[in-house]
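If you read the protein sequences in the order shown, they are chains A and B.
Residue numbering for the first sequence follows the UniProt record's numbering, beginning at 1 and increasing consecutively.
Residue numbering for the second sequence follows the UniProt record's numbering, beginning at 1 and increasing consecutively.
All residues carry an ideal CB built from backbone N, CA and C; glycine is no exception.
Notes for the one structure printed next.
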Amino acid sequence: MTPEERSRKEAAGKGVAAPRSLAESLRARDDASLSALLRARPDLITPVPTDLTQLATRAATRASVVRALERLDRFALQTAEALAVAADPASYDELLGLMAGDGGAEADPVVAESLPRALAVLREQALAWGPDDRLRLVRTARELLAPSPQHPSPTGLGPSAAEAASGMSPGRIQEILTATGLPTTHDAVSAVASLTALFTDRARMAALLATAPAESLEVLSRLVWGPPYGQVTADPAPRLRWLLDRGLLLPTAPGTVVLPREVALHLRSGRAHRHTEPLPPALATAATHRPQMVDATAAGQAYTTLATVEELLKDWDEGGPSVLRAGGLSVRDLKRTAVALDVPEPQAAFWVELAYAAGLLASDGEVDERYAATPAYDEWRELPAAERWSRLATAWLAATRTPGLVGGRDAKDRVLSALGPGLDRSAAPEVRHRVLTLLAGLPEGASPTPDSVLARLRWERPLRGAQPAADDLRGRLAEWTLSEAELLGLTGRGALSAHGRALLGETPEHAPAAEPAGPGDKLPVHHRHHPPALREPLTAAERAAAASRAARLLAPLLPEPLDHVLLQADLTAVAPGPLERPLADMLGVLADVESKGGATVYRFTPASVRRALDAGRSATDLHAFLAAHSRTPVPQPLTYLIDDVARRHGHLRVGAASAYVRCDDDTVLNEILADKRSASLRLRRLAPTVLAAGADPATLLEGLRALGFAPAAESAEGDVLITRAHAHRTGPRTAPEPVPEGPPVPDATLLTAALRAIRAGDLASTTPRKPGPAPASDGDLPRTTSAETLATVQAAVLTGSALWIGYVNAEGTASQRVIAPLRVEGGFVTAYDHTADEVRTYPLHRVTGVAELADDQL
Amino acid sequence: MNGPLIVQSDKTLLLEVDHEQADDCRRAIAPFAELERAPEHIHTYRVTPLGLWNARAAGHDAEQVVDALVQYSRYPVPHALLVDIAETMDRYGRLTLSKHPAHGLVLTTTDRPVLEEVLRSKRIIPLVGARIDQDTVAVHPSERGQIKQVLLKLGWPAEDLAGYVDGEAHPIELSEDGWALRPYQKQAVENFWHGGSGVVVLPCGAGKTLVGAGSMAQAKATTLILVTNTVSARQWKHELVKRTSLTEDEIGEYSGTRKEIRPVTIATYQVLTTKRKGIYPHLELFDSRDWGLIVYDEVHLLPAPVFKFTADLQARRRLGLTATLVREDGRESDVFSLIGPKRFDAPWKEIEAQGYIAPADCVEVRVNLTDSERLSYATAETEEKYRFCATTDTKRKVTEALVRRFEGQQILVIGQYIDQLDELGEHLGAPVIKGETSNLQREKLFDAFREGEINVLVVSKVANFSIDLPEATVAIQVSGTFGSRQEEAQRLGRVLRPKADGHQAHFYSVVARDTIDQDFAAHRQRFLAEQGYAYRIVDADELLAES
């Protein structure tokens, strides 16, 4: 049973009372229908709700509704938008009128045909509920989609006449009624209702508008498709005045008028949307190639993929680039890799990320972190070529990392680096799958235009609101998918290859090769369910089966490895195709690669031949190797080159020794070598009169002395070194600074100043004081001269004692406070105010006077 | 898919010569791909933007190019490469240079943003005049070559529809009595004439002079021929008198010694580039007559100032002739943009197969330095090293042995260093031709050599070009201008003129082992090796032991 049928049944009621709430409507749904809901909106079951009421509540939460709306296709969204501007509840016919225009099904049969599907989707996703005669949009969705001045609706419709007129004075509304020729009513509510009735009556409206001046109609036509708001001056022009008088424009704020929704709908002959898009846009075919050609091209590219990944990891074999501190590959390393692979940088990023996604490379986790191939790489190398490819392609399909972002910047303006953090986009696998499925929907060999693929994806997931195109992540993901699929060899010349099809899990039986392109393809689209959820995701086992089927299809298309090369007299070798691995490895050592592609051109140089000799091959080996693998006789210059290099190879020998013994009498050296005790010195005869030693000179001297010889040390110039007690010295150093225990001894100036301060404080505390007025007894403020005040406060700072002050604040209110001054500067005293229990600053000129406290007063 | 062609990712094309479809494939890719190397089994072609644009200019479109690649390719051609080719070819012809009845030379576009883009370039601004309308801008007529060159560098090559002036008519006919143009020469003349201007590349000894003569007979107009030196000028004159209806009086020589301007004038590069008081006094030669054709002999040697003058001559037909379009200064592309694209190119081995040039046995003789020489070589100053190893005594012994071996045949000994040549001349009892030898003396010696009165001739690099020594069968090179590839090719060319008895020619290059002489030799040989000349390498000791 399709959801459509279900909803029909639901609508028909079949003896069950129409549901009164979303929860009730959910309750009426069967298990299949509920599981469809939960599959479409998996956020509803995390965590699993306790009952359907809770499920309904959760389905109506703002976050969940936004999520669900964002996943609607364009037509379903347009339907929801229309429901949001319709009456609540609305009947199916009203909705159809909004979508198809006044004529209903006859006016726009395509819309009429598609509407049940769209409505079924809304119902299935619990965004709309209720039977056909009482359709309701979930309240949250209605709030989100209904037009408001802040969030204009994509429909371009304004508020309804009732909403717009809610703030108007009843008198003004009656005036409008009179102007439109309606009888006045007793209250504002019925007046608005009568006005709305006029606006929604096509015949009467047409009659009313027929009397309108042409300029006024022109104003209306400007507002009709939105935005519905316009500016008016305090004294509107006659053409506006005519409209305002009749309520065809209603004021919303001073200077702003709006076209009421009903009027707009009348002018639009009932359509909520200027353009409805009931059908997904068909993919435009850019070209149709022979399927064999597509498969061959894709296979060629698949082979390039393998070669490139192997080349990349070979390049990194002896220690790849370092890992940045923040993770990822530095821009310089990416550049270097791009040059090494001879591809543009974005492509290099793709190959690196591909190898990473397939688990073939990773960071080694050492202290000095570098990228390196993983053990999985060695296993992968042993696989047959087609399987190697399917490993990579499967990894790519499922990866959330998006190499296309490399080089861009994240929200914090940090550069996104290849292999670095911040490249994961959870939508990537889904978009990839979707794009490839779309390609799979085309006849074999057909390649779509990228624009039409993007248009299709945008239809399936329209952008909400006016998002800038640069933020269109899905669009960018789709573009990347197309180019990456071509690079990987899933597609060839833009068309999906047979092995690509197999990888998607398409079996030949249900490959919809027959789906016609263009507007004629109504049937398949209509009867197919909501497009993005086209097919259940493949299980792991199915994926493995698909991968091996793809590999089987690809295998015969990949070039057979060759076991021979063509040698030429200009010292090049051409491998006219891929080489068997041992042969390729050996040639890679023996010659330099000059150009790559279908074939490989190698050039022999003295340096490359030397490299092979260094790797332990003899000239004879090399001759035999070339003779065995060359289709043509080995050219004389090449033979000569190898012999010539081999002749000089190893002519000079280099080794390490840490000391030597030389003696003009070679019998002495014989004697030393013959002595068993000299074994620890690791001596070796280089010439009759020279021994090299593994031991360092000091040990050697000691050792030889122990053997009973009297050796002398020699300098680099050959002079005998005079042994003296060795004086070991450091480099230039400064003597350590002493670290005194307490503070440094003060100098004279400081001392004088300190003493003066101490004396001042002492004076302040010991000078006999004028008896101040008795504090608090009569509430009088203490009074002292400003000089006295200053001295007393300063002294208190030094002694840390508390004072009693009189203070007049900015408002002139006098108060008494007890303060412990901390600092006096710039005419202010900062003090701990015991009265207020905090540190405060008082201007000294506001302090009326100070007095010391009696000790017992604190 | 089992074609003869393999497309590489660096846009080189490898053609398997022994494949049954190789010839068809070669014809299909020749219009747009440049033959880079032609060794025995696999030839390498390169697809460059310039080549693609020349193909467009010759009337081929991207589809033909793509078809040719796809049809003959052994492996699938990467889609990206095909797209790139189509896009590159699409850039040609967005801009056109044409004659406007009111404004003279104008640059027009079919794609306005392109015009806007190039007009913003600093290098274009001084070359253009007023903007006539949104799609058209006037160009100073004298800057026709310059602007084409700059546009090419900017990647928007202009299609030149402004045409050529016919020049002053002058009757010239080929007098084909007892000889005829060879098929490839006819083809070269035809391709050149069809294309308007351009370069013809033929191996040494394959009769480039006749291609020149054939083109003149097509143009039937006054002609200016630019050659490298006076000897060469005389030979051109001699050849033209012999092969065409032109008489001695119709051909003028414009050189250091004579300044004749006649309907056909042969001038040397040297006299043109003589500078006096900061000006080139002989430049007016270009304007002295209404030339209908300008022939540049040995175009790979075109000196830099001549490039500049040539830029001003875009309205005249230009023919460049060369055997080796390799310049160590890398200015090949300037030759193409100023004189014209390559109109004809024949691999050496192909002409050899047709019997028009003699097969050659190329041998590199490696001599060992003696121990004391090695020590002196190791301690020699860097700039003296090449001279030292190139003039080692052992080379004299080898040369003598070779001369003895080919006793009776016509032998050229070619070298770089005068004292080495003098010494060789003394030991071999042969005359030496060097810079100080007068032209008169040179011609006398050449004649004697031609007549067989002298068997061995020692020449310095003055004889590198355009001397016609028909009977030389052995050339021994003892030293050269460092690593010059074209010099090596020209020297081999001395012995490639077909021999009366179908004899094989011998080319010996004597090289000191394990020195920079050997490195330079390897570089020098590269061009010929790429043309399919396989050098054998022999040790001097073996060679001496044999003789």
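Give me the residue from the options with the minimum Cα distance to residue i.
i        : options                                  : result
Ile476/B : Glu488/B, Arg497/B and Arg74/B           : Glu488/B
Val538/B : Ala529/B, Ala512/B and Leu528/B          : Ala512/B
Ala836/A : Leu249/A, Arg682/A and Val818/A          : Val818/A
Phe344/B : Asp329/B, Ala188/B and Ile266/B          : Ala188/B
Thr322/B : Lys342/B, Leu293/B and Gln149/B          : Lys342/B
Glu580/A : Val720/A, Val839/A and His564/A          : His564/A
Val413/B : Glu20/B, Ala521/B, Ser479/B and Asn439/B : Ser479/B
Tyr341/A : Gly278/B, Asp10/B and Pro4/B             : The amino acid at residue 341/A is misidentified as Tyr; the sequence shows Leu. Among Gly278/B, Asp10/B and Pro4/B, the Cα nearest to that of Leu341/A belongs to Asp10/B.
If you measure from the beta carbon of residue i to each beta carbon in chain B, is any gap under 8 Å?
i             : result
residue 859/A : One cannot answer for residue 859/A here, as it falls past the ends of chain A, which runs 1 to 858.
Leu566/A      : yes
His530/A      : At His530/A the pLDDT is 40, less than 50, meaning the model places this residue with poor confidence; the figure from the coordinates comes in the next sentence. Output row for His530/A: interface = no.
His510/A      : Because the pLDDT at His510/A is just 46, under 50, the model does not fix this residue reliably, and the point stays unresolved.
Glu486/A      : yes
Ala540/A      : no
Gly300/A      : yes
Pro260/A      : no
Ala296/A      : yes
Thr285/A      : no
Taking residue i as the query, report the chain B residues whose CB atoms sit under 8 Å from its CB, ordered along the chain.
i        : result
Tyr602/A : Result: empty, since nearest Cβ-Cβ is about 12 Å, beyond 8 Å.
Gly492/A : Pro76 and His79
Asp342/A : Ser9 and Asp10
Thr730/A : Per Cβ cutoff of 8 Å: no residues; Thr730/A is ~43 Å from chain B at best.
Pro450/A : Those do not exist, as Pro450/A stays about 13 Å from chain B at its closest Cβ, beyond 8 Å.
Given a cut-off of 8 Å on the beta-carbon distance, is the pair residue i and residue j in contact?
i        : j        : result
Val365/B : Tyr508/B : yes
Ala358/B : Arg497/B : yes
Pro49/A  : Trp129/A : no
Gly494/A : Glu486/A : yes
Ala398/A : Pro429/A : yes
Arg74/B  : Ile29/B  : no
Ala296/A : Gly489/A : no
Ile266/B : Tyr280/B : no
Val264/B : His282/B : no
Val199/B : Val211/B : no
Val110/A : Pro278/A : yes
Answer yes or no: the CB of residue i versus the heavy atoms of the ligand ATP, is any distance below 7 Å?
i        : result
Arg425/A : You won't find the ligand ATP in this model; it holds no ligand whatsoever.
What does residue i touch in chain A if you count any residue whose Cβ is under 9 Å from its own?
i       : result
Gln8/B  : Ser595, Lys596, Gly597, Gly598, Ala599, Thr600 and Val601
Leu14/B : Val574, Pro576, Ser595, Gly597, Gly598, Ala599 and Val601
Ile42/B : Leu566, Gln568, Thr572, Val574, Pro576, Ala599 and Val601
Ala22/B : The premise fails here: Ala22/B is roughly 13 Å from chain A at the closest Cβ pair, so nothing lies under 9 Å.
What residues of chain A sit near residue i, judged by a beta carbon separation below 8 Å?
i        : result
Tyr535/B : Ala569 and Pro637
Pro39/B  : Gln568, Ala569, Asp570 and Thr572
Using a Cβ-Cβ cut-off of 8 Å, state whether residue i counts as contacting chain A.
i        : result
Ala540/B : no
Applying a beta-carbon distance threshold of less than 9 Å, which residues of chain B neighbour residue i?
i        : result
Gly404/A : Under the 9 Å cutoff, chain B gives no residues; its nearest Cβ is about 16 Å from Gly404/A.
Taking residue i as the query, report the chain A residues whose CB atoms sit under 7 Å from its CB, ordered along the chain.
i        : result
Pro347/B : Simply none; closest approach about 13 Å.
Glu530/B : Asp570
Along chain B, which residues have their Cβ under 7 Å away from the Cβ of residue i?
i        : result
Thr288/A : Correct list: empty, because the minimum Cβ distance to chain B is about 15 Å.
Can you list, in chain order, the stretches of the beta strand (DSSP E) that have 3 or more residues and sit fully within the region 351 to 407 of chain A?
361 to 363 and 371 to 373
Only counting runs of 3 or more residues, tell me where the beta strand (DSSP E) segments fall wholly within the region 574 to 641 of chain A, in order along the chain.
592 to 595 and 600 to 603
Where are the alpha helix (DSSP H) runs, 4 residues long or more, that stay fully inside the region 323 to 372 of chain B, in chain order?
332 to 338 and 348 to 353
In chain order, which continuous runs of the alpha helix (DSSP H) of length 4 or greater are located wholly inside the region 276 to 349 of chain A?
291 to 315 and 331 to 341
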